[in-house]
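**Q**
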Amino acid sequence: MLAAYAQDDPELGYTQGMNFVAACIFLAVQDEYIAYAIFRKLLISKEQGGCDWRRFYITDMPKLMEMTDAVKHYLSHNISSLEKHFTTHQVFLETQLVSPYMALFSNLVTSPVAFKILDRFIFFGEEVMTELVCNAFNVRQEQIISINCPFELQHYLTRDVYLDTIKEGKFFPEVESVVKKSGFFRRMINKI
């Protein structure tokens, strides 16, 4: 599947992180052709009817920068204490978010959780990814603020914040809030 995509898109080819997304899709659908079609749809531009996730894998990672900016915006308007904590301890969110975003969390969580994330990403769009990060930061903000060692803080933000939120049963925000924010039903009605 990855070799086929690299052949279809020689400018990008294969890059780190694609294997996690491709594997997650394949495990979910158990059909190589359907998995490839879904994988390709995630990567192609929105103008071509895709999710534009390709911009995550190209040089300078513009999609990572956009999505990190969305998290920073959320923090500055909703959890300014975390924003201040990150600044104080020189935490650069781009480096903390690259792994979960690039692999759609599939490199950090169990397969059933990864499938739920993939489903939400496909149905509701990339906003779901930012919402999952912001939700985890919100749920675990006391724990995050209690960590004053920069190395430990960066380690926690890279993986454990999500695993702890999953253990609490609070990783997935209420579906209704995702639907309202994404305008999913409005887009579906407009297609009918």
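With this note's numbering applied, the sequence shown covers 207 to 398. Heads up, the beta-carbon is just placed ideally off N, CA and C, and yes, glycines get one too. Quick caveat, the model's predicted, so the values are computed rather than measured.
MET308 to VAL315, Cα distance in whole Å?
**A** 13 Å
**Q** Look at the Cβ atom of GLU332, then the Cβ atom of PRO379, and state whether they are nearer than 8 Å.
**A** no
**Q** Would you call the segment 268 to 288 in contact with the segment 337 to 354, where contact means no fewer than 3 C-beta pairs closer than 8 Å?
**A** yes
**Q** So, does the CB of LEU233 fall closer than 8 Å to a CB anywhere in chain B?
**A** Going by chain labels, chain B is absent from the structure shown, which holds only one protein chain.
**Q** Would you kindly work out how many angstroms separate the C-alpha atoms of PHE330 and ILE323, rounded to a whole number?
**A** 10 Å
**Q** Leaving out five residues before and five after THR371 in sequence, what residues of the same chain have Cβ atoms less than 8 Å from its Cβ?
**A** ASN341, ALA342, VAL345, ARG346, PHE377
**Q** Would you tell me roughly how many angstroms separate the C-alpha atoms of TYR211 and ASP275, rounded to the nearest one?
**A** 29 Å
**Q** I'd like the span of the alpha helix (DSSP H) that includes GLN360, first residue to last.
**A** 356 to 361
**Q** Considering Cα atoms alone, identify which of SER352, LYS252, CYS355, LYS269 is closest to LEU310.
**A** Comparing Cα positions, the closest option is LYS269.
**Q** Determine the DSSP secondary structure at ASP266, reduced to helix, strand or coil.
**A** coil
**Q** Which runs of the beta strand (DSSP E), 3 residues or longer, sit entirely within the segment 266 to 322?
**A** Counting whole runs of 3 or more residues, the segment 266 to 322 contains no beta strand (DSSP E) stretch at all.
**Q** For MET224, count neighbouring C-beta atoms within 10 Å of its own C-beta (all shown protein chains included) and say buried if the count is 16 or more, exposed if not.
**A** buried
**Q** Use the C-beta contact count for GLN222: other C-beta atoms within 10 angstroms, 16 or more gives buried, fewer gives exposed.
**A** exposed
**Q** Just to confirm, are SER317 and LEU233 a CB contact at a threshold of 8 Å?
**A** yes
**Q** Indicate the three-state DSSP secondary structure (helix, strand or coil) for PHE156 in the structure shown.
**A** Beyond the ends of the chain as shown, which are 207 and 398, falls residue 156; an answer cannot be given.
**Q** Looking at the secondary structure, which residues open and close the alpha helix (DSSP H) in which CYS340 lies?
**A** Segment 333 to 345, the alpha helix (DSSP H) holding CYS340.
**Q** Have a look at VAL385 and PHE226 and give me their C-alpha separation to the nearest angstrom.
**A** Model confidence at VAL385 stands at a pLDDT of 49, short of 50, so the residue's coordinates are unreliable and nothing is read from them.
**Q** Mind checking which residues open and close the alpha helix (DSSP H) that includes ILE353?
**A** That residue, ILE353, is in no alpha helix (DSSP H); it is neither H nor E in DSSP.
**Q** Can you find the residues in the same chain that come closer than 7 Å, C-beta to C-beta, to ARG261, ignoring five residues on each side of it along the sequence?
**A** PRO268, LYS269
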